[in-house]
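First residue of the sequence shown? That's 118 in our numbering, and the numbers climb one at a time after it.
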Amino acid sequence: MIENYSPPMDPYLDVVYNDDDILILNKPSGLLSVPGKGEALEDCLEKRAREKFPGALTVHRLDMDTSGLIVMGLNKYAHRHLSLQFQNRNVDKRYIAIVYGKVAGEEGSIDMPLICDWPNRPKQMIDYERGKPSQTKWRVLTRGENETRLLLIPITGRSHQLRVHLKEIGHPILGDRFYAHSKALELSDHLCLHSKAITIMHPVRKEKMTFERPSLF
Numbered sequence: 118m119i120e121n122y123s124p125p126m127d128p129y130l131d132v133v134y135n136d137d138d139i140l141i142l143n144k145p146s147g148l149l150s151v152p153g154k155g156e157a158l159e160d161c162l163e164k165r166a167r168e169k170f171p172g173a174l175t176v177h178r179l180d181m182d183t184s185g186l187i188v189m190g191l192n193k194y195a196h197r198h199l200s201l202q203f204q205n206r207n208v209d210k211r212y213i214a215i216v217y218g219k220v221a222g223e224e225g226s227i228d229m230p231l232i233c234d235w236p237n238r239p240k241q242m243i244d245y246e247r248g249k250p251s252q253t254k255w256r257v258l259t260r261g262e263n264e265t266r267l268l269l270i271p272i273t274g275r276s277h278q279l280r281v282h283l284k285e286i287g288h289p290i291l292g293d294r295f296y297a298h299s300k301a302l303e304l305s306d307h308l309c310l311h312s313k314a315i316t317i318m319h320p321v322r323k324e325k326m327t328f329e330r331p332s333l334f
């Protein structure tokens, strides 16, 4: 349940790239990707996009608290082509996260199956018997006094995957109101997770395109 929803208004719509077929947007933290239930949750990236690009169709989503790049199709053909790329894991996605504590080692991978924590939805949890396969690669970028900046590469695209995986290895993302402990919450007033780069195949031109937007943290 989202309480006191007050999405950022500036910028109202951050367009990274558009042509006749695709639309790349930079979503701010605090804005829903698609409408929630009820009139109070109508404002979202999809709605704003359609005000300027009436044919915009959502291909994938980011959590409300996550910022960064989102791809939309501007016609049914492009939407289907892009959707299949995500479904078949042919899209390269790179995230930046700041996590609590000092992560040991320089790089690694997390392989933990995820399932919805139904009584506490939309939260997710690890379940080795019923969970869906979920893999995340990580690499240390910098280390602070009690935090680590990571590059994250999700191999699968499960709901809350990065957030749960990092919590499970003892390094929750700073500001994560669902999964962080009190010390990690105190270090940031927002979720420090940003979709910084995405590589797709253009549905018409059939060439790979990479888009990037740096994080604000």
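No residue lacks a Cβ here, since even glycine has one placed at the ideal position from N, Cα and C.
Residue from Y129, D138, M229 whose Cα sits closest to the Cα of G318: Per the sequence shown, the amino acid found at residue 318 is Met instead of Gly. Selected option, being the one with the closest Cα: D138.
Three-state secondary structure assigned by DSSP to N207: coil
Collapsed DSSP secondary structure at L162 in the structure displayed: It is helical.
Span of the alpha helix (DSSP H) around E104: Past the edges of the chain, shown from 118 to 334, lies residue 104, and the structure says nothing about it.
Straight-line Cα distance separating A173 from R167: 6 Å
Cα-Cα separation between R165 and E156, rounded to whole angstroms: 15 Å
DSSP-derived helix/strand/coil call for R280: helix
Contact belief for L179 with I213 at Cβ below 8 Å, rounded distance in angstroms: Not confirmed; about 13 Å, so no contact.
Assigned exposure category for H277 - 16 Cβ within 10 Å defines buried: buried
Assigned secondary structure, H198 (DSSP; H/G/I helix, E/B strand, else coil): helix
DSSP three-state assignment for N237, whether helix, strand or coil: helix
Best match in E246, P125, E324, Y194 for proximity to C161 [C-alpha to C-alpha]: P125
Beta-carbon proximity of H307 to S146, cut-off 7 Å: yes
From L130, Y134, S123, residue whose alpha carbon lies closest to that of A314: Taking only the C-alpha atoms, the option nearest A314 is Y134.
Reference P239, options Y129, V321, D182, N121, closest by Cα: D182
Closest residue to R211 among N237, S200, W255, L201 (Cα-Cα distance): W255
Length of the line joining the Cα atoms of L302 and K323: So the two alpha carbons sit approximately 43 Å from each other.
Proximity of H311 and G185 at Cβ, strictly below 7 Å: It is a contact, given that the beta carbons lie within the stated cut-off.
Segment contact, 8 Å Cβ cut-off, at least three pairs: the region 284–299 with the region 212–226: yes
Q204 classed as buried or exposed, judged by whether at least 16 other C-beta atoms fall within 10 angstroms: exposed
Cutoff 7 Å; reference K300; Cβ partners in own chain excluding five residues on either side: Y217
Strand pairing of D228, partner residues [DSSP]: According to DSSP, D228 bridges with Q252.
Beta-bridge pairing of I141 - partner residues as DSSP gives them: Y134, V188
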